[in-house]
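Chemist:
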Amino acid sequence: MEPVNRWFKAAVFDMDGLILDSERTVLNCWEMIGEKYGFADIVTYGISVIGKNKKATVDEFERVYGEPGERYERELREIYNGLAAEGKVPLKPHTIELLSSMKNAGMKIAIASSSTREEVTSQMAALGALPYFDTCVCGDQVTRSKPDPEIFLLACDALGVKPEDGVGLEDSFNGVRSCKASGLFTVMVPDIIQPDDEMKSLADIILPSLKVVQDFLNLK
135 MEPVNRWFKA AVFDMDGLIL DSERTVLNCW EMIGEKYGFA DIVTYGISVI GKNKKATVDE
195 FERVYGEPGE RYERELREIY NGLAAEGKVP LKPHTIELLS SMKNAGMKIA IASSSTREEV
255 TSQMAALGAL PYFDTCVCGD QVTRSKPDPE IFLLACDALG VKPEDGVGLE DSFNGVRSCK
315 ASGLFTVMVP DIIQPDDEMK SLADIILPSL KVVQDFLNLK
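Residues are numbered in the numbering used here as their position in the sequence shown, beginning at 1, plus a constant of 134.
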């Protein structure tokens, strides 16, 4: 792998599954709910809504199970937030090193997450990562969830950069679709779901870890 031969003014990060090791925890929470209430194959449902905001998650639950999804999404968040408060949802390896190297290079940095602002800021603050971000654009601030590019475009606007001057980092399929459609140079760092042919064609590059992202961007 050769380092990229360009310099980016900004970076826009997804949070869950990319810099926060959260997606496995969320799936475990869904599994607990499925066992409690008898919802079959709920992990498959959980995987299908990775990268989507609350409304899309609730709507899909109602479509699959015919039950009021908001109730179960709320219970999932209560379980998850309890684990997060106990420090059981850690940062992915090399997150701080990558963010620090970007700051040292003069890059602006944003989060573009489908999670709510309260969830994003509280979790990033608790783990010591929030000061690295110039802005956060969250799922409760947009009208169209990923794969729509709205959230990435709003993040670029908040940073004062054109999408073509920035790099976007994602792990989920809908996140990659959103990021690519925004015009950002799209880096996929897969988490639970490995890339298929569509992702290989959409992402500008697929890298195995944040450490490799740092090397690829030629950051010290």
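For glycine and all other residues, C-beta sits at the position ideal for the given N, C-alpha and C.
1) Are the beta-carbon atoms belonging to Glu209 and Ile181 less than 9 Å from one another?
2) At which residue ranges does the segment 262-300 contain complete alpha helix (DSSP H) runs of 4 or more residues, listed in the order of the chain?
3) Using alpha carbons as the reference points, say which of Ile340, Phe350, Thr320 and Val138 lies closest to Gln404.
4) If I'm right that Lys280 touches Ser316 with Cβ under 8 Å, what's the distance once you round it to whole angstroms?
5) Going by beta-carbon coordinates alone, are Ala263 and Leu233 separated by less than 9 Å?
6) Inspect the beta-carbon positions of Ala337 and Met241 and report whether they are closer than 9 Å.
7) Grouping DSSP H, G and I as helix and E and B as strand, with all else coil, what is Val138?
8) Which word fits Glu136, buried or exposed, when buried means at least 16 other C-beta atoms lie within 10 angstroms of its C-beta?
9) Identify the continuous alpha helix (DSSP H) that holds Met322 and give its terminal residues.
10) Leaving aside the five residues before and after Glu284 along the sequence, list all residues of the same chain whose C-beta is less than 6 Å from its C-beta, in chain order.
11) Tell me whether the segment 321-335 and the segment 305-313 touch, counting them as touching only if at least three CB pairs, one residue from each stretch, are closer than 8 Å.
12) Alpha carbon to alpha carbon, how far is Ile176 from Asp282?
13) Does the count of Cβ pairs from the segment 243-258 and the segment 149-157 closer than 8 Å reach three?
14) Is the distance from the Cβ of Val295 to the Cβ of Lys143 below 9 Å?
15) Do Phe173 and Tyr120 count as a contact pair if the criterion is CB distance below 9 Å?
16) How close, in whole Å, do the beta carbons of Lys345 and His228 come, if the pair is a contact with beta carbons under 8 Å?
17) Assign Asn238 to one of two classes, buried (16 or more other C-beta atoms within 10 Å of its C-beta) or exposed (fewer than that).
18) Would Gly139 be called buried (16 or more neighbouring beta carbons within 10 Å of its own) or exposed?
19) In angstroms, rounded to a whole number, what distance separates the CA positions of Leu334 and Met322?
20) Within a Cβ cutoff of 7 Å, which residues of the same chain sit near Val192, ignoring the five residues on either side of it in sequence?
21) Just mark Lys354 as buried or exposed, buried being the case when its beta carbon has 16 or more other beta carbons within 10 Å.
22) Beta-carbon within less than 6 Å of Cys270's beta-carbon, same chain only, minus the 5 sequence neighbours each way: which residues are those?
Modeler: Walking through what the data contain:
1) One-based indexing of the sequence shown puts residue 209 at position 75. One-based indexing of the sequence shown puts residue 181 at position 47. Not a contact, by the Cβ cut-off of 9 Å.
2) Contiguous alpha helix (DSSP H) elements confined to the segment 262-300 occur at 284-293, taking only those with 4 or more residues.
3) Not covered by the structure: residue 404. The range shown for the chain is 135 to 354.
4) Sequence index remark: in the sequence shown, residue 280 carries index 146 (1-based). Sequence index remark: in the sequence shown, residue 316 carries index 182 (1-based). Not really, about 10 Å apart at Cβ, beyond 8 Å.
5) Walking along the sequence shown from the start, residue 263 turns up at place 129. Walking along the sequence shown from the start, residue 233 turns up at place 99. Closer than 9 Å, so yes.
6) Reading the sequence shown from its first residue, position 203 is the one you call residue 337. Reading the sequence shown from its first residue, position 107 is the one you call residue 241. Going by C-beta atoms, Ala337 is not nearer than 9 Å to Met241.
7) The residue given as residue 138 occupies position 4 in the sequence shown. Three-state result, Val138: coil.
8) By 1-based counting over the sequence shown, the position of residue 136 is 2. Sixteen is the threshold: since fewer than 16 other Cβ atoms of the shown chains lie within 10 Å of the Cβ of Glu136, the residue is exposed.
9) Against the sequence shown, residue 322 aligns to sequence position 188. Here Met322 belongs to no alpha helix (DSSP H); instead the beta strand (DSSP E) covers Phe319 to Met322.
10) In the sequence shown, residue 284 corresponds to position 150, counting from 1. Once the five neighbours on either side are set aside, the close Cβ partners of Glu284 are Val276 and Arg278.
11) yes
12) The residue labelled residue 176 in the question sits at position 42 within the sequence shown. The residue labelled residue 282 in the question sits at position 148 within the sequence shown. The straight-line gap from Cα to Cα measures roughly 25 Å.
13) Counting Cβ pairs under 8 Å, three or more are found: they touch.
14) Stepping through the sequence shown from its first residue, residue 295 is reached at position 161. Stepping through the sequence shown from its first residue, residue 143 is reached at position 9. Yes, Cβ-Cβ distance for Val295 and Lys143 is below 9 Å.
15) The question about residue 120 has no answer here: the residues shown for the chain are numbered 135 through 354.
16) Within the sequence shown, residue 345 is the residue found at index 211, counting from 1. Within the sequence shown, residue 228 is the residue found at index 94, counting from 1. Their Cβ separation, rounded to whole angstroms, is 4 Å, which keeps Lys345 and His228 in contact under 8 Å.
17) One-based indexing of the sequence shown puts residue 238 at position 104. Answer is exposed; the Cβ neighbour count stays below 16.
18) The sequence position of residue 139 within the sequence shown is 5, counting from 1. It is Asn, not Gly, that sits at residue 139 in the sequence shown. Exposed, since its Cβ has fewer than 16 Cβ neighbours within 10 Å.
19) For this step, residue 334 is matched to residue 200 along the sequence shown. For this step, residue 322 is matched to residue 188 along the sequence shown. A small fix is needed here, since residue 334 is Lys in this sequence, not Leu. Near 9 Å, if we compare the C-alpha coordinates of Met322 and Lys334.
20) Numbered from 1 along the sequence shown, position 58 holds the residue referred to as residue 192. If we look at Val192 and ignore the five residues flanking it on each side, its Cβ neighbours are Gly203, Glu204 and Glu207.
21) Here residue 354 is taken as the residue at index 220 of the sequence shown, counted from 1. It counts as exposed.
22) One-based indexing of the sequence shown puts residue 270 at position 136. Once the five neighbours on either side are set aside, the close Cβ partners of Cys270 are Ile245 and Val254.
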